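Written out below as C-alpha cells is the structure these notes cover.
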Amino acid sequence: MGKLIIKLYHPAALLLLLISCQRSGQHTIIQNKGSDTLVNLAQMWAEEYSKVEPTVALAVSGGGSGTGIAALINGTVDIANSSRRIKNQEKHDAEKFHQAAVQEHIVGYDALAVFVHPKNPIDGMTIEEIGCIYGKRGKCNYWSDIRGTVVPGCKDNQIIRISRQSNSGTYQYFRDAILGPTQDFRLGSMDLNGSREGIDMVAQTPCSIGYTGMGYLSNHVKTICIAKDSQSQCIAPTPANALDRSYPIARELFMYTVGPLKSDLKKFFDWIKTDAAKKLTIQSGFVPVP
Amino acid sequence: METQSIRSKRSVRPRSERVIEGLIKAGGMSSILFIAGILLFILKESSGYIFGSFNFVEFFTSGEWNPASVEKIEYGTLALLAGTLSVTMLSMVFAVPIGLACAFYISEFCPPQLRETYKILIEFLAAIPSVVWGFIAVVIVNPLLINSFGVATGLNILNAALILSLMSLPLIVSIGEDALRAVPESYREAAEGLGATKWEIATRVLLPAAKNGLMAAALLGVGRALGETMAVLMATGHSIRFPSSVFDPVRTLTATIAAELGESPKGGEHYQVLFALGLYLFILSFAINILADWLVRGRGKKV
Amino acid sequence: MYAPNQQLINKNIREERFKSILSFLTVIIFFPALMIILWLLIKGGPALSWEFIFSSPTKGMTAGGIFPAIVGTLWLVGLCVIISCPLGVLAAIYLSEYAKDNHTTRIIRLCILNLAGVPSIVHALFGLGAFVLFLRMGTSILAASCTLAVMNLPVIITSTLESLQAVPRSFREASWSVGASKLQTIRHIVLPNSIPGILTGMVFAVSRAAGETAAILFTGVAFYLPFLPMNVFDQCMSLSMHLFTISTQVVGVPDSYSYATALVLISMVLVVNTLSVAMRWYFRSRRKW
Chain A
0 MGKLIIKLYH PAALLLLLIS CQRSGQHTII QNKGSDTLVN LAQMWAEEYS
50 KVEPTVALAV SGGGSGTGIA ALINGTVDIA NSSRRIKNQE KHDAEKFHQA
100 AVQEHIVGYD ALAVFVHPKN PIDGMTIEEI GCIYGKRGKC NYWSDIRGTV
150 VPGCKDNQII RISRQSNSGT YQYFRDAILG PTQDFRLGSM DLNGSREGID
200 MVAQTPCSIG YTGMGYLSNH VKTICIAKDS QSQCIAPTPA NALDRSYPIA
250 RELFMYTVGP LKSDLKKFFD WIKTDAAKKL TIQSGFVPVP
Chain B
0 METQSIRSKR SVRPRSERVI EGLIKAGGMS SILFIAGILL FILKESSGYI
50 FGSFNFVEFF TSGEWNPASV EKIEYGTLAL LAGTLSVTML SMVFAVPIGL
100 ACAFYISEFC PPQLRETYKI LIEFLAAIPS VVWGFIAVVI VNPLLINSFG
150 VATGLNILNA ALILSLMSLP LIVSIGEDAL RAVPESYREA AEGLGATKWE
200 IATRVLLPAA KNGLMAAALL GVGRALGETM AVLMATGHSI RFPSSVFDPV
250 RTLTATIAAE LGESPKGGEH YQVLFALGLY LFILSFAINI LADWLVRGRG
300 KKV
Chain C
0 MYAPNQQLIN KNIREERFKS ILSFLTVIIF FPALMIILWL LIKGGPALSW
50 EFIFSSPTKG MTAGGIFPAI VGTLWLVGLC VIISCPLGVL AAIYLSEYAK
100 DNHTTRIIRL CILNLAGVPS IVHALFGLGA FVLFLRMGTS ILAASCTLAV
150 MNLPVIITST LESLQAVPRS FREASWSVGA SKLQTIRHIV LPNSIPGILT
200 GMVFAVSRAA GETAAILFTG VAFYLPFLPM NVFDQCMSLS MHLFTISTQV
250 VGVPDSYSYA TALVLISMVL VVNTLSVAMR WYFRSRRKW
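Residue numbers (numbering that gives the first Met the number 0), protein chains in the order written: chain A, 0 to 289; chain B, 0 to 302; chain C, 0 to 288.
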C-alpha cells in the first residue's frame with residue numbers, strides 16, 4: 000500500500016503542475032483590500048457583482064484602512080478601501096511610485112457610533128467626555144468620573160475601553176474626530192481584532208465602552224447619542240443624521256485607485272451607483288451616496 | 000586480481016548515482032539553509048531600522064508601543080515582553096507539573112495496553128489547530144471566567160495561559176516520555192533488585208537520571224508557548240499594559256506582529272520595526288532551543 | 000513466613016495513592032478537550048449539512064457554506080506536502096545514512112530543532128520576505144505553501160529519520176555484502192521498509208498545515224474570493240482564516256455557523272490523524288522484523 004501511495008505521488012504532482020500552467024484566463028481579478036469597516040460591504044458587492052459581470056471577480060481582503068492604502072502604494076491592489084481620508088504623505092508616496100494621480104471615490108457615508116453595555120445608565124456623552132475616557136491626556140478611569148455614573152454589575156466601577164488596532168481607519172478617524180489631531184489614545188485599551196469582537200465584548204462586559212461604524216451595531220449593545228459640547232443637542236447615529244452631518248462624528252467611506260480608470264474598474268464604479276448596489280449599502284447599515 | 004576488478008568497478012559509479020547522492024547531501028544541508036535564510040531575511044528587512052533610528056534604551060526598556068502616534072512615535076517593547084512572559088510563565092505553571100506527571104504515568108505506571116491509547120490521545124490533542132483554540136478562548140473560556148470569578152473581562156492572562164498550557168502539554172508529555180525511555184533499563188532493574196517500589200524508582204532513580212531530558216521538555220514547552228500567535232491574539236484581549244493581576248488583558252510580541260504587519264507600507268519604518276520584533280522573537284526561541292539541546296546532549300552524557 | 004510489616008503496608012498504600020493521583024492528572028488533560036469537542040458538536044451540529052460543506056458563503060458571509068475555504072485549505076495542504084516531502088526525506092536519508100558524527104551534523108540537528116521551534120509568525124515574516132517579495136511569487140498559494148513547507152520540514156525529517164534508523168542494520172549489511180552500492184541499498188531495502196514513518200510524517204504535516212493561520216496571513220490567503228483558485232498563483236480562502244474572520248470581523252454570523260466551521264476544521268484534522276494511526280497499525284503488523 001505504501002508503494003501505491005509513492006507511485007501516486009508523481010502523477011499527483013504532475014497534475015497539480017498541469018493545472019497550474021492553465022492560468023486563470025477566464026477571470027479578470029480586481030484586487031480589493033483595506034478597511035474592515037468596508038470589508039463586509041465590499042464582500043457583498045463582490046458577491047452581487049460576480050452575477051452582473053461573471054468574467055470579473057473581486058478578491059476582497061480586510062486588514063484595515065492602513066493595510067489597503069499601504070498595498071495601494073506598493074502596487075499590489077487595484078482598489079484600496081478606506082474609512083478615513085488618505086493622508087498627504089501616503090498620497091505623495093503612491094503618486095511617486097505609480098507616477099500617476101490618486102483618485103478618490105466616495106462610496107458611502109458612515110456614522111461612528113459609541114456604545115456601552117445595555118445596563119449602563121448613560122444615554123449620551125459629549126465629545127470631551129469621550130476624549131477624557133480614551134485620550135492620553137484624559138484622566139477618566141472610572142464611570143463615576145462621568146457625571147457620577149454607577150454601572151450595575153461593574154466591578155469597582157472601572158471603565159474598560161474597547162478599541163481597535165492602529166491599522167484600522169475607524170481607529171484613526173475616531174482619534175482625529177474625538178481626541179483631536181495632537182492627542183494619542185491612552186495605552187491599555189483592549190485593541191480587538193474586528194468589529195464583531197468589539198460588539199460581542201461590550202455585550203458581555205458591563206464595565207465596557209466601545210466604538211464602531213454604524214453598520215455594525217446590534218441590539219445586544221446600547222448606542223449612545225453624542226453631543227458636540229455640553230450646550231449642544233445630543234444626536235443619535237442614524238442614517239439621516241449621518242447624511243446631513245448633524246451627527247458630530249460622521250464620515251465618508253472611500254475607495255482609492257491610482258491612475259486613469261481601466262474599463263473593468265470603471266464599470267465597477269458605475270455599478271456602485273446603481274440601485275442594486277445602494278440596496279446592499281443600506282443593508283450593511285451605511286448611507287449610500289445620493 | 001579479483002580485488003583489482005572490484006575496485007575499478009566501484010570507482011566507475013554511474014553518473015546518476017552521484018547526482019542522487021549530491022541531491023541527498025543538498026537535502027541534508029537544507030535545514031541549515033532555511034534557518035540561515037530566516038535569520039538573513041529578517042535581518043535584511045529590519046536593517047534599515049536597526050542601523051538607523053534604533054534606540055536601544057527605548058526599544059528594550061520603554062513600555063510605550065506607539066507606532067501610529069501623532070504625538071511621539073515610540074517603539075518600546077517592554078510592555079509587550081511583559082505580556083509574553085506573563086502568559087508563558089503562567090501557562091508553564093499549569094503545564095509543566097501536569098505534563099511531567101503525565102509523562103511519568105504513561106512511561107512507568109500505566110498498563111501497556113492503555114499506553115498506546117494515551118499516546119494516540121495526546122497526538123489528537125496536539126493536532127487541534129491554534130485558531131480553534133483561540134475561538135474556544137473567546138466563546139467558552141471568556142464567559143466561564145466572567146461567571147466564575149466575577150471579573151470585568153474574560154480575555155486576559157489567565158485565559159491565554161489556560162489555552163497555552165493545553166497546547167504545550169502534548170509536547171512536554173512526549174519529550175518527557177522520550178527522556179524517561181532513554182534511561183537504561185538496567186537502572187530500573189538494579190533498583191527493583193534492591194526492593195524499591197515503582198514510585199520509589201520513579202522519584203529516586205528516574206527523576207535524577209532523566210532530569211536533563213525533563214528540563215529540556217519543559218524548556219521546549221516554554222518555547223512553544225512563547226511562539227504561539229493566533230490563540231493569544233484572540234485570548235489575551237490585546238491590551239498594552241504592565242499587568243497587575245492575572246485577570247488583566249495584555250498584549251504579546253507575537254500578536255503585535257500579526258496584528259500590525261499588514262498596515263505598514265513595505266520598507267517603511269513601522270514595517271522594519273516589526274521585522275525587528277521578529278528578530279527579537281527568533282533570538283529568544285533560538286536561545287531556548289540551544290539551551291534545551293545542550294541539556295539533552297551536553298550535560299546528560301552520563302546516561 | 001515473610002509477613003509485611005506496618006512500614007511496608009504504609010508504603011504500598013502511599014504508592015497506590017500516588018499512582019491514582021498520577022492517573023487522575025493524566026485523565027484530566029483530556030477532559031477539557033473532550034468537553035470542547037462535545038460543546039462544538041452541540042452548538043455547531045445544527046448548522047452542518049451538505050449545503051454547508053459544498054456551497055459558497057452568501058449574504059455577506061453570514062449564510063451559505065464554506066466550500067471555497069475547504070478547497071483553499073486542500074490546495075495549501077496538498078502543495079505543502081508535495082514540496083516538503085521530497086526535501087524532508089532526502090534530508091533524513093542524509094542524516095541516517097551519510098552523515099558522520101561531526102560538527103556539521105551537530106549543526107544540522109540543531110537547525111532542525113530550531114526550525115521546529117521558530118514561532119509561526121516569524122515563519123510568516125520569512126515567507127513574506129523570501130517568497131512573496133524576493134522570489135516575486137506575490138501573495139499566492141505557492142508562496143503560502145512554501146512557507147508551510149519550511150514550517151513542516153522538521154516534522155517530516157524527524158519521523159522519516161526515526162523509521163530509517165529503525166530498519167535493522169543487518170538488512171543493510173546483507174545488501175552490501177552481495178555487492179549493492181549504498182544508494183541501491185537505500186532505494187531497494189531501507190526506503191521501502193521505512194514507508195510507514197514517511198507516511199506518518201506526511202500525515203502530521205497535513206494536519207499542521209491545515210490548521211495554520213499566522214503563516215499564511217500575509218503570504219496567500221484572502222478574506223473572500225468569489226471564485227475557486229485555479230492555479231498556484233491565485234490566492235485562496237482557508238478554513239482557519241475563515242474561522243478567524245467570522246468570529247472576529249463579520250457581524251451577524253449566527254453562532255452555529257462559526258461553531259460548525261470550527262467543527263469542520265477539527266474533524267478534518269482528527270480524521271487525518273486517525274488515518275495516520277490506522278496506517279501505523281497496518282504497517283506494524285506487516286513489519287518484517
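Backbone N, C-alpha and C fix where the C-beta goes; we use that ideal spot for every residue, glycine too.
Quantities reported herein were computed from a predicted structural model and do not represent experimental measurements.
Item	Value
Neighbour flag for Asn158 (chain B) against chain A, beta carbons, 8 Å	no
Those residues which DSSP pairs with Phe184 (chain A) across a bridge	A:Gly134
is_contact[Leu152 (chain C), chain A] using C-beta, thresh 8 Å	no
Per-residue DSSP class, three states only, for Lys43 (chain B)	helix
DSSP three-state assignment for Asn192 (chain C), whether helix, strand or coil	helix
C-beta neighbour in chain A for Tyr223 (chain C), strict 8 Å	yes
Collapsed DSSP secondary structure at Lys300 (chain B) in the structure displayed	Its pLDDT being 47, under 50, Lys300 (chain B) is placed unreliably in this model, and the coordinates cannot settle the point.
Proximal residues of chain C, C-beta to C-beta of Ala58 (chain A) below 7 Å	Ala221, Leu224, Gln234
Minimum Cβ-Cβ distance from Lys43 (chain B) to chain A less than 8 Å	no
Short Cβ contact (8 Å threshold) for Ile289 (chain B) with Val276 (chain C)	no
is_contact[Ala153 (chain A), chain B] using C-beta, thresh 8 Å	Before going further, note that residue 153 (chain A) is Cys rather than Ala in the sequence given. So, interface residue.
Members of the region 211–226 of chain A that neighbour chain B once the beta carbon cut-off is set at 7 Å	none
Cβ contact (3+ pairs, closer than 8 Å) linking the region 228–238 of chain C and the region 138–146 of chain C	yes
Minimum Cβ-Cβ distance from Ser165 (chain A) to chain B less than 8 Å	yes
Status (buried if at least 16 other CB within 10 Å, exposed otherwise) for Trp288 (chain C)	exposed
Contact the region 151–166 of chain B vs the region 93–103 of chain B: 3+ CB pairs below 8 Å	yes
Gln30 (chain A) to Val76 (chain A) span [Cα, whole Å]	5 Å
Straight-line Cα distance separating Asp177 (chain B) from Glu57 (chain B)	43 Å
Whole-angstrom C-beta distance between Ile139 (chain B) and Ile92 (chain C), which should lie under 8 Å	Rounded, the Cβ-Cβ distance is 45 Å, inconsistent with contact.
Cutoff 7 Å; reference Gly133 (chain B); Cβ partners in own chain excluding five residues on either side	Met229, Ala230, Leu232, Met233, Ala234
Residue nearest to Leu99 (chain B) in terms of C-alpha spacing, selected from B:His269, B:Ala25, B:Ile171	B:Ile171
Helix, strand or coil at Leu111 (chain A) [DSSP, three-state]	strand
Spatial distance of Ile19 (chain B) from Gly210 (chain C) (CA atoms)	34 Å
Check whether Ser61 (chain B) and Gly51 (chain B) have beta carbons under 8 Å apart	no
Between the CA atoms of Pro13 (chain B) and Ile5 (chain B) - distance to the nearest angstrom	The predicted model places Ile5 (chain B) with a pLDDT of 48, which falls under 50 and marks its position as unreliable; any figure quoted below should be read in that light. Roughly 15 Å between the two C-alpha positions.
N-terminal and C-terminal residue of the alpha helix (DSSP H) that Asn211 (chain B) is part of	210–226
Neighbour-count burial assignment, Lys90 (chain A), 16 or more Cβ in a 10 Å radius	buried
Beta carbon of Leu273 (chain B) nearer than 8 Å to that of Pro118 (chain C)	no
Buried/exposed call for Leu279 (chain A), threshold 16 Cβ in 10 Å	buried
Cβ-Cβ separation, Ile78 (chain A) to Met200 (chain A) (assumed contact under 8 Å), whole Å	Between Ile78 (chain A) and Met200 (chain A) the Cβ distance is about 30 Å, and since that is not below 8 Å, they are no contact.
Distance, Val70 (chain C) Cα to Leu227 (chain C) Cα	7 Å
Range of the contiguous alpha helix (DSSP H) that encloses Asp263 (chain A)	262–271
Ser167 (chain A), DSSP secondary structure in three states	coil
is_contact[Gly261 (chain B), chain A] using C-beta, thresh 8 Å	yes
Paired residues, beta bridge with Asp190 (chain A) - DSSP	A:Ser162
Test: Pro180 (chain A) CB closer than 8 Å to a CB of chain B	yes
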